[in-house]
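The structure appears below as structure tokens.
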Amino acid sequence: MRRLFDFNRGRGLVSLLALLAFLSIGQATGSISLLGSSSLSGNSSGNSSSNLSSNAGHSTFNFSKLATAKVSTTVAGAIPTYDLVGANGGIYTFGNAGFYGSTGNITLNKPIVGMASTPDGKGYWLVASDGGIFTFGDATYYGSTGNITLNKPIVGMAATPDGKGYWLVASDGGIFTFGDAAFYGSTGNIALNKPIVGMASTPDGKGYWLVASDGGIFTFGDAAFYGSTGNIALNKPIVGMAATPDGKGYWLVASDGGIFTFGDAVFYGSTGNITLNKPIVGMAADPTTGGYWLVASDGGIFSFNAPYIGSEGGTSLNAAIVGISSTGSLDPYTTGATGVDLSAFQCVGSTPGGPSALASVPTTGVGVVGAYFDSDPQGFGGTLSNAMTTNPCLASEVSLLKNEGATVSLFAPLWSAPSQIVDPTNTLSGPEASCAANVANPSAINCQSYNWGWNLMSAGVAWANSQGVNSPLWWVDVEYGTPGLWGTNTIANQNVIAGALAYLASTGHQSGIYSTAYQFHIIAGSYSPGVPTWIAGASGSSYCTDPTKQFGGGPVWLLQTSYVNASGVNGSPRQIDGDTAC
């Protein structure tokens, strides 16, 4: 990697970006037939407004057009992952979800009825109908009701945001708290029209919602009431709920897959109007895209504005699936782990597939490689093809880092869109294909910028794939770089970034942003997509926690710190950028 400015003087950033995990995406073990249906028209008991094409049980992505004054934040913020749990405690993992154990091979006193994942996705709790708790991975045991007599069986659970506690809920709405989970109220002492079937906690853990099978909603703590189906006749009973990432809305799901939205929960589709092989038993929200997954008792997965990453729908299960859990966020780095980031500037020659100039690098787990760099945007006048210079030794640098034991991810720089006259292909064409060819129209400029970000990132991913490199995590590099890399229109710049992040979301990739607070705010204003960040020019670990040194609204995963020494192929020392995990 090259440094273009002195970061400690607040003037610049590094010229490239990349990070995180060469984590392997889990393979699907089955697919779900939609019984001959080639399209889904989302409509369940009054919900309309969404049509989405479907293929083998999973929906395509649908990204809305960006506003001129605000960029959508429903872009990739996490590596997609979900777990399914069976009534026997069998665990089925997809995406980057890790398998940490199960109760599938032991005899339980009572069946499992739900699960919850730890915040870092490296563990989970299972709960049985008697309130027995089973912990795996980094999930800690804080207590259970397994040894007491309950008035009604447990039907679900939710974990606190810090993973240091959990709530259990019974079918009468009784609440049982453990660890740092606080009691905010229950329906255990009132007569309900229908039994409670599930719960969800607010993002800050200071409240929760309970949902009954008729869709009645009961709120406690700071959980707000946004509506319910308690006063309408449903085709099928409600079986679960999920809260939106900001806690300002929620979805309810019925056993036929009908979806009911309240607050800021968006309707992306349902299975309410098709015949299912087995009933829906639960749902989970995808914080990456703002969409959701539905799961049937046979393990079939139906995804709506969320990536389909596998199911058990075509397999024979020992016990029916009873729940689904998604963390949506897996930081693959251990706090304090160190490493380096590499790019084309550490290559020997310019032939694709060529060797790295490095023989070894110092790393205890961190590695990032640049797929390409900006060679000549020259005032946004260059086309995509002549402004992008690919990294000829991408594959060898990735291999070097992996052989040294690093968790490797990729990065790619962004820059402002050129004029549609210079590069009409990559500005007027794209997900916002209706862009007007009018540089004086702000809407047209924003539309073209969004297309440009999408197409630039698409080209970068395609290059990496052509070299046999397929990383689920990409960092987008947002920095000044050479003069003229970014224009002064912060809204247009936001759309470039949003287009790139949206492309990564549409292909199931995790995304993050590499920048500094100083440069990011000048380039993108107050844009806050909430994705993980990698901070350049960090002079100490305080950057991990000090909000004045951060940007973008997401968690800090990496710091680019001082130069470190590596060994060149000729035996001479080479200085390269060092990185530390928060």
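Everything in the sequence shown is counted per numbering that gives the first Met the number 0, starting at 0 for the first residue and increasing by one.
Glycine residues also receive a C-beta, built at the ideal position from the N, C-alpha and C atoms.
Check this for me: beta carbons of residue i and residue j, under 8 Å apart or not?
i	j	result
A88	I111	Note that residue 88 is Gly in the sequence shown here, rather than Ala. Yes, the Cβ-Cβ distance between G88 and I111 is below 8 Å.
K247	D221	no
S355	M114	no
A443	T489	no
V475	S510	yes
V339	G577	yes
Y249	Y267	no
T579	G553	no
M646	Y513	With the chain covering only 0 through 581, there is no way to say anything about residue 646.
G164	S143	no
G256	L233	no
Y99	Y123	yes
N464	N494	no
E311	Y91	yes
A411	A370	yes
G172	L209	yes
G281	G309	no
F118	G162	Position check: residue 118 holds Pro in this sequence, whereas Phe was assumed. Yes, these two residues count as a Cβ contact at 8 Å.
T201	A242	yes
Going by DSSP, name the residue or residues bridged to residue i.
i	result
T406	V365
Q509	L472
D576	D340 and Y562
L585	Given that the chain is displayed from residue 0 to residue 581, the structure contains no residue 585 and the question cannot be resolved.
L83	Y91 and I323
If you count every other CB in all the chains shown that lies within 10 Å of the CB of residue i, and 16 or more means buried, which is it?
i	result
I666	Lying outside 0 to 581, the shown extent of the chain, residue 666 is not represented and no answer is given.
G467	exposed
D422	buried
G335	exposed
T274	exposed
A461	exposed
S525	exposed
I147	exposed
T314	exposed
Y479	buried
L39	Because L39 carries a pLDDT of 24, less than 50, the predicted location of this residue cannot be relied on, and the following value inherits that uncertainty. Burial call: buried.
D285	buried
G404	exposed
Comparing alpha-carbon positions, which option in the options lies nearest residue i?
i	options	result
A416	F344, L427 and F177	L427
A253	S269, T243 and P244	S269
K235	D213, F224, T218 and F219	D213
N304	V280, V238 and T506	T506
L167	A370, V367 and Y207	Y207
G205	A157, S143 and S525	Checking the sequence, you will find Lys at residue 205 rather than Gly. Out of A157, S143 and S525, A157 has the C-alpha closest to the C-alpha of K205.
W473	N454, F175, V495 and L409	L409
I195	P152, A501 and S342	P152
N402	P361, A411 and A436	P361
S583	D82, T337, D129 and V84	Shown here, the chain extends from 0 to 581; a query on residue 583 therefore has no answer.
T388	A458, P306, L107 and L149	A458
A516	W451, I496, A537 and H508	A537
G582	G309, G178, F259 and Y332	Nothing in the structure corresponds to residue 582, since the chain is present only between 0 and 581.
Q574	F135, F344 and A394	F344
Alpha carbon to alpha carbon, how far is residue j from residue i? Give it in angstroms, no decimals.
i	j	result
S227	A199	14 Å
F261	I216	11 Å
V364	Q518	The sequence as given places Gly at residue 364; Val does not occur at that position. The alpha-carbon atoms of G364 and Q518 are separated by roughly 28 Å.
G76	T424	Low per-residue confidence applies at G76: pLDDT is 36, beneath 50, and the placement is therefore not dependable, though the value from the model is reported in the following sentence. In a straight line, the C-alpha of G76 is about 28 Å away from that of T424.
P244	V347	46 Å
G184	I174	7 Å
G551	N317	45 Å
S571	T326	45 Å
G197	T560	46 Å
I237	G290	19 Å
L51	N230	In this prediction, L51 scores a pLDDT of 24, lower than 50, which makes its location untrustworthy; the coordinate-derived value is nonetheless stated afterwards. Those two C-alpha atoms are separated by around 29 Å.
I300	P278	11 Å
S566	L399	12 Å
A180	P160	9 Å
L558	T544	11 Å
L484	G498	17 Å
I105	F182	32 Å
A86	S128	10 Å
A535	D297	47 Å
L357	P471	25 Å
V563	S359	12 Å
N492	G271	40 Å
A319	V265	29 Å
V368	W556	16 Å
G486	W414	8 Å
Closer than 7 Å: is that where the CB of residue i sits relative to any heavy atom of the ligand PLP?
i	result
N492	No copy of the ligand PLP appears in this structure; indeed no ligand is present at all.
Tell me, please, whether the CB atom of residue i is closer than 8 Å to any CB atom in chain D?
i	result
T389	No chain D appears in this structure, which consists of one protein chain only.
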